[in-house]
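For the sequence shown, the working numbering assigns the number 309 to the initial residue and increments by one for each residue that follows.
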Amino acid sequence: MADEKPLHVRVAEALGLPTEPSQHAWDEAAEGYRACTRCNQSAGWNSPEPEWCASRYDTDWSATGPLIERLRIALTPIPYGGRILWRAHPHDFGDKTYLDVQHYTPLEAVCLAILALADAGRLPK
Ligand SMILES: [Zn+2]
């Protein structure tokens with residue numbers, strides 16, 4: 309079964325962070341609609357709020373940078389067929405566990421590494 313939730317929402321859930329609609333940070337400057345400065349979703353004034361909210365860990369360095377530091381995730385650019393892949397892997401887990409995730413952007417690679425850590429039961433609380 310494919311998980312339909314966006315990558316940054318799955319990361320927030322893996323980290324145990326709230327993703328409720330009440331977490332939206334509406335920018336009310338726009339006319340005719342409101343836009344959330346955390347999750348980048350928008351809604352009309354009379355339409356219901358999107359059902360989840362989470363920082364854009366897949367695109368926002370200010371949200372993901374502290375996670376990279378806390379989880380000690382190394383990022384390495386790897387030439388791949390004329391492009392660059394980014395390898396993300398966590399350091400210093402004290403055994404030979406090796407998690408190595410690659411993706412086309414550094415932040416998406418970090419997100420996938422966090423999900424892999426959670427799947428492996430190795431996400432520090
Ligand atoms: Zn939001």
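All C-beta atoms in this analysis are idealised placements derived from N, C-alpha and C, irrespective of residue type, glycine included.
{"Item": "Run of the alpha helix (DSSP H) containing Cys361, from where it starts to where it stops", "Value": "Per DSSP, Cys361 belongs to no alpha helix (DSSP H) and is neither H nor E."}
{"Item": "Limits of the beta strand (DSSP E) - the one that Ala424 falls within", "Value": "Counting along the chain, Ala424 falls outside any beta strand (DSSP E), though it belongs to the alpha helix (DSSP H) covering Pro414 to Asp427."}
{"Item": "Length of the line joining the Cα atoms of Tyr365 and Pro398", "Value": "16 Å"}
{"Item": "Which residues DSSP lists as bridging Asp335, in chain order", "Value": "Ala343"}
{"Item": "Alpha carbon of Leu420 to alpha carbon of Gly352, nearest angstrom", "Value": "32 Å"}
{"Item": "Residues sharing a beta bridge with Ile386, DSSP", "Value": "Leu393"}
{"Item": "Check: Arg364 C-beta below 6 Å from any heavy atom of ligand 1", "Value": "no"}
{"Item": "Beta-carbon spacing of Val317, Ala362 below 7 Å", "Value": "yes"}
{"Item": "Simplified DSSP assignment, three categories, for Gly352", "Value": "strand"}
{"Item": "C-alpha gap between Leu415 and Leu407, whole angstroms", "Value": "16 Å"}
{"Item": "Alpha-carbon to alpha-carbon, Leu379 and Lys433", "Value": "10 Å"}
{"Item": "Nearest neighbour of Arg391, chosen from Leu383, Gln331 and Tyr412 [CA to CA]", "Value": "Tyr412"}
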